[in-house]
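Number of protein chains: 2
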Amino acid sequence: MDIIGQRNRLQYIILGLLSQQDQTGYDLTKAFEHEIGEFWQASHSQIYPQLQRLETAGDITHQDQIAGEKLAKKVYQLTAQGQKKLAAWVGEPSPELTATKDEFILKLYFIKSANDPRLGPMLQEQTQLHAEQLTHLQSRRAEVFPNQAAIDAAYGHYLILEHAIEREKHYVEWLNRAQ
Amino acid sequence: MDIIGQRNRLQYIILGLLSQQDQTGYDLTKAFEHEIGEFWQASHSQIYPQLQRLETAGDITHQDQIAGEKLAKKVYQLTAQGQKKLAAWVGEPSPELTATKDEFILKLYFIKSANDPRLGPMLQEQTQLHAEQLTHLQSRRAEVFPNQAAIDAAYGHYLILEHAIEREKHYVEWLNRAQ
DNA sequence: TTAAAACATGTAATTAATTACATGTTGAAA
DNA sequence: TTTCAACATGTAATTAATTACATGTTTTAA
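Respectively, the protein sequence lines represent chains A and B. The opening residue of the first sequence carries number 3 in our numbering; numbering runs sequentially from there. The opening residue of the second sequence carries number 3 in our numbering; numbering runs sequentially from there.
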């Protein structure tokens with residue numbers, strides 16, 4: 003049972019986001035605060051250099067824009083080559099399992115007894131954390147997918163938001179059962 | 003909603019594993035193939051140097067052992083200081099959410115329409131992958147926790163195995179619903 | 001008996017990711 | 001009107017993680 007390593011998936015995520023709409027490095031950075039951030043993390047200090055590499059490689063180009071008086075923006079867009087590269091990646095099999103890193107679960111692993119006094123507070127803390135996240139995701143769903151048309155227009159996005167919601171729901175249920 | 007970074011959690015996992023029993027770097031490496039591997043990944047090339055650093059720091063010590071004719075082993079054990087360090091880590095709050103990295107989910111995010119011809123095969127591939135993992139984890143549970151006494155003796159371990167099983171179960175259910 | 005898999009321990013090179021440093025603009029609220 | 005948050009883009013330094021290199025022993029199955 004293999005676990006994935008990192009073979010520059012960030013480049014494909016950037017291509018994918020740019021396939022949805024032309025945008026700046028700043029916009030891309032913000033995207034990781036929403037749904038994709040549930041399944042991949044990246045910060046602006048990774049994103050800006052990666053944009054430069056993708057442009058050098060000919061997968062994207064950019065246009066300079068001035069917002070307001072003199073705020074310089076670089077609005078990136080896919081090239082035909084970038085589109086092909088994205089399609090090739092999406093079409094490839096993904097035969098490896100997800101790499102989860104959960105510090106709380108690790109700590110739990112080292113708790114031997116159900117009577118350990120640390121167990122209760124730990125479970126409560128996590129219950130609150132995940133319940134909050136669940137609420138956040140649910141309101142996000144209501145906001146982003148108010149009707150069937152919105153779902154049809156971004157079906158994959160809808161599926162992964164559903165997945166994230168259910169993940170949190172079951173996490174909370176498991177925590178409650180453990181308590 | 004913060005996502006965890008990496009602040010050398012590996013050292014604590016090693017301390018935790020050594021708190022369960024004295025063992026070698028090789029044994030620790032193997033441990034990541036089982037339950038903890040579901041929630042953290044590390045390879046021998048991270049583990050051996052980390053063992054050296056922990057020993058220098060005084061958290062662990064080792065004894066040399068010869069297996070068979072001349073196969074040299076280093077069996078590591080916690081020091082009192084290492085025990086304290088482990089307990090302090092377990093007792094700390096874990097206020098950050100899990101960092102998941104799921105390449106398949108990312109690809110899905112970039113599928114716009116429910117009619118995309120790539121969608122069916124993608125979902126089928128993942129269904130098989132996660133169904134296999136579920137079966138594996140269930141047989142692992144039967145093996146490691148054949149009775150209540152085994153559960154009572156390693157309650158945290160039992161909880162996280164249950165969690166991993168349910169995670170896979172719900173993943174498969176979600177995939178089936180998406181299909 | 002021999003070949004392959006598993007046991008056992010390391011280091012080196014590369015890539016990925018985090019955290020910190022660095023600078024400037026614009027819009028909104030006090 | 002000024003100050004704070006958000007917008008916007010980068011680089012540098014450090015740490016974490018992967019992949020490859022490197023070597024040798026023991027057990028198991030063909």
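From the three backbone atoms N, C-alpha and C, an ideal C-beta is built for every residue, glycine too.
### Query
Helix, strand or coil: which one does DSSP assign to A59 of chain A?
coil
### Query
In terms of residues, what are the limits of the beta strand (DSSP E) holding Q79 of chain B?
L73 to L80
### Message
I'd like the list of long-range same chain contacts for S45 of chain A, defined as Cβ closer than 8 Å, with 5 residues on each side in sequence excluded.
### Response
T31 and F34
### Integer Cβ distance of A160 of chain B from E37 of chain A, believed to fall under 8 Å
Checking the sequence shown, residue 160 of chain B turns out to be Tyr, not Ala. Rounded, the Cβ-Cβ distance is 32 Å, inconsistent with contact.
### Query
In three-state DSSP terms, what is T102 of chain A?
strand
### Query
Is the CB of D104 of chain A under 7 Å away from at least one CB in chain B?
yes
### Task
Mind listing, in chain order, the continuous alpha helix (DSSP H) runs of no fewer than 4 residues lying wholly within the segment 14-59 of chain A?
27-33 and 46-58
### Three-state secondary structure (DSSP) of D118 of chain B
coil
### Selection from B:G84, B:S141 and B:G39 that minimises the alpha carbon distance to T100 of chain A
B:G39
### Query
Does any C-beta atom of chain B lie closer than 7 Å to the C-beta of H36 of chain A?
no
#### Entry: Any chain B beta carbon closer than 7 Å to T192 of chain A
Here chain A comprises residues numbered 3 to 181, so residue 192 of chain A is not present and cannot be evaluated.
### Task
Determine, using beta carbons only, whether L30 of chain A comes closer than 7 Å to chain B.
no
### Message
Which residues in chain A have a C-beta closer than 9 Å to the C-beta of R11 of chain B? List them in chain order.
### Response
K103, E105 and L108
### Task
Report yes or no: is there a C-beta of chain B within less than 7 Å of the C-beta of E127 of chain A?
yes
### Neighbourhood of A166 of chain A by C-beta distance below 6 Å, restricted to the same chain and skipping five residues each side
E40 and L139
### Residue environment, Y173 of chain B, which counts as buried when at least 16 other CB atoms sit within 10 Å
buried
### Message
Can you give me the C-alpha to C-alpha distance between V77 of chain B and K109 of chain A, rounded to a whole angstrom?
### Response
23 Å
### Query
From which residue to which residue does the alpha helix (DSSP H) around G158 of chain A run?
Y157 to A180
### Query
Looking at C-beta atoms only, is the number of pairs between the segment 65-74 of chain A and the segment 48-59 of chain B that lie closer than 8 Å three or more?
no
### Query
Excluding five sequence neighbours on each side, which residues of the same chain lie with their C-beta closer than 6 Å to the C-beta of D4 of chain A?
With a pLDDT of 36 at D4 of chain A, under the threshold of 50, the predicted position of this residue should be treated as unreliable, and no value is reported.
### Task
For V92 of chain B, decide whether its Cβ has a neighbour in chain A, counting only Cβ atoms nearer than 7 Å.
yes
### Task
Indicate the three-state DSSP secondary structure (helix, strand or coil) for I153 of chain B in the structure shown.
helix
#### Entry: Residue burial classification, D61 of chain A (beta-carbon count within 10 angstroms, cutoff 16)
buried
#### Entry: Helix, strand or coil at I113 of chain B according to DSSP, with G and I counted as helix
coil
### Message
For I107 of chain B, list the residues DSSP reports as bridge partners.
### Response
None; I107 of chain B has no bridge partner.
### Task
Return the residue from the list B:G93, B:E168, B:M124 and B:Y50 that minimises the CA-CA distance to Q25 of chain B.
B:Y50
### Query
Under 7 Å between the Cβ atoms of L136 of chain B and Q181 of chain B?
no
#### Entry: Closest Cα partner of R11 of chain B within the set B:Q79, B:Q67 and B:K87
B:K87
### Query
What does DSSP give as the partner residues of Q65 of chain B in its beta bridges?
B:V77
#### Entry: Given G18 of chain A as reference, the closest of B:L20, B:Q23 and B:E105 once Cα atoms are compared
B:E105
### Message
I'd like to know if P95 of chain B contacts chain A, where contact means its C-beta is closer than 7 Å to some C-beta of that chain.
### Response
yes
### Query
Is the Cβ of R120 of chain A closer than 7 Å to any Cβ of chain B?
yes
### Query
Rounded to a whole number of angstroms, what is the C-alpha to C-alpha distance between Q65 of chain B and Q22 of chain B?
17 Å
### Distance CB(I162 of chain A)-CB(I107 of chain B) smaller than 7 Å
yes
### Neighbourhood of Y14 of chain A by C-beta distance below 6 Å, restricted to the same chain and skipping five residues each side
W91
### Message
According to DSSP, simplified to helix, strand and coil, what is S141 of chain B?
### Response
helix
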